[in-house]
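Start counting the sequence shown at 42; every next residue gets the next number (our numbering).
Ideal Cβ positions, reconstructed from N, Cα and C, are used throughout, including at glycine.
In this text the structure is predicted, and so the values were computed from the model without any measurement.
What follows is one structure encoded as structure tokens, with my remarks underneath.
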Amino acid sequence: MQSNATSDNQQGPGGQIHFDIMVAQGFVLLEFASLVEVLRLGNRVCPHPPFSYTYRSHKGGPVGSSSNATVPTEPISNRPNASYLFVIGNSDPDQPELSLGRIVSNYTYSGAQVFLLAEAASRYIDEHGTAEMATHWENASFLRERGARFEAKLSIATELGPVVTCAGMEATTDVALAVIGRHISGPAKMTVADIMLHESIRDFSSLQPFSGFKNTATGDAKLDECIKLMQANIEDPLAINEIVDMLNLSNRSLERKFKSFFGTTPNGFYREMRLAKANNLLLNTTMSVREIGLACGFPNGFSSVYKSFFGVTPFALRREKRRSSPR
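Listed below in structure tokens is the structure:
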């Protein structure tokens, strides 16, 4: 598998945001795939791929997962040049290569943020951490059995400056979506989630599902409802006045919600959502450009609207992507 995605000071090829993804023998394939697919799809839905990534391990070479899938890796660097290091969880909580104090220090010293998943988080908590750090609930129980003097947090992730401890497993998708959302727009991030059939994106403070806690996609039920209305009305867009009437909200209240959560206006978000869908259809169907414009609520002037947002005409982008990028 060929790897191709920081604070913005650590750049990959072509100025991309670069991720190092670290595995050890027995790594959890679900967590690895959840992260890599989010990055791959983020590259697919954006006009210029924003992310690159490298698979790493202590010594390099092929590393096998707990599911017997093997990935090629490069040795971990003593002078890292990535904005993010993700350390994938492992089927063996005592895997010695999860003892990462020096590696974490090297990455954080270089300005990277380090994400430790599941067993990697547990090991870090056990060796260096505090009760303010999160891990998978099963690993929290394991820590208690080992005589830990504190309770790990049961949110899906806890961010303490440069080190983020995470529950791992399927929550890896939520964490990865949150991270790419720092570098791409809200609608593009939601397009990635939609392609993955990931219904709602949990924030770091969301409790792990075993607790029975019910989350919303954004943490605001009215905002969730508004986004669902927009998603259901791509081809024939609703006027914002119609939407606020249906939600029993004022225009000002809806604008505040969008500004707070997405940093944009409802109209701006709605337009970009439609353009994100158009971009996906452009790259992954044989529909004509006119058909795509109609399907995404642009009966007139689609090409100029698309170019004003993405900086390239839909015709040119389709040619370029089909030449250079596999699905």
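Our two residues, residue 155 and residue 196, have alpha carbons roughly 17 Å apart in a direct line. In this structure, the beta-carbon distance from residue 59 to residue 124 falls below 9 Å. Under the 10 Å beta carbon count, residue 356 is surrounded by fewer than 16 other beta carbons and is classified as exposed.
Residue state for residue 248 is assigned as strand, using DSSP reduced to three classes. Looking at 239, 289, 202, the one whose alpha-carbon comes closest to that of residue 217 is 239. The C-beta distance from residue 83 to residue 268 rounds to 19 Å, too long to meet the 8 Å contact threshold.
For residue 227, the closest alpha carbon among the candidates 345, 306, 334 is that of 306. Counting along the chain, residue 154 sits inside the beta strand (DSSP E) bounded by residues 154-158. Distance check between residue 275 and each of 237, 250, 300, 322 places 322 closest, using alpha-carbon atoms only.
For residue 280, the number of other beta carbons within 10 angstroms of its own is below 16, and it is reported as exposed. For residue 161, the three-state secondary structure derived from DSSP is helix. With contacts defined by Cβ atoms closer than 9 Å, residue 206 and residue 174 form a contacting pair.
By the neighbour-count criterion, in which 16 or more other beta carbons inside 10 Å mark a residue as buried, residue 93 falls on the buried side. Looking at the DSSP output, residue 68 sits in a beta bridge with 106, 131. Closest by C-alpha distance to residue 99, out of 248, 157, 122, 118, is 118. Residue 158 has its alpha-carbon roughly 15 Å from the corresponding atom of residue 183.
Counting along the chain, no beta strand (DSSP E) covers residue 331; the unbroken alpha helix (DSSP H) around it starts and ends at 330-336.
Around the beta carbon of residue 181, 16 or more other beta carbons lie within 10 angstroms, which makes this residue buried. The beta carbons of residue 313 and residue 209 sit about 31 Å from each other, so the pair does not count as a contact at 8 Å. For the 9 Å CB-CB criterion, residue 162 and residue 104 do not form a contact. No Cβ-Cβ contact shorter than 9 Å links residue 348 with residue 232. Restricting attention to alpha helix (DSSP H) runs no shorter than 4 residues, the stretch 261-303 encloses them at 262-273, 281-288, 292-303, ordered along the chain.
Per DSSP, residue 198 is one residue of the beta strand (DSSP E) stretching across 198-201.
Taking C-beta atoms as the reference points, residue 245 and residue 198 count as a pair closer than 9 Å. Separation of residue 273 and residue 235 (C-alpha to C-alpha, rounded to the nearest whole angstrom) is 13 Å. Residue environment analysis places residue 326 among the exposed positions, since fewer than 16 neighbouring C-beta atoms fall within 10 angstroms of its C-beta. Its chain contains 330, 334, 354, 355, 356 as the residues whose beta carbon lies nearer than 8 Å to that of residue 344, once the 5 sequence neighbours on both sides are disregarded; these appear in chain order.
Residue pairing of residue 207 in beta bridges, as defined by DSSP: 158, 198. Counting along the chain, the unbroken alpha helix (DSSP H) around residue 228 starts and ends at 227-236. In this structure, the straight-line span from the alpha carbon of residue 101 to that of residue 89 is close to 30 Å.
Collapsing the DSSP output to three states places residue 360 in a helix. Residue 98 carries a strand assignment under DSSP once its states are collapsed to helix, strand and coil.
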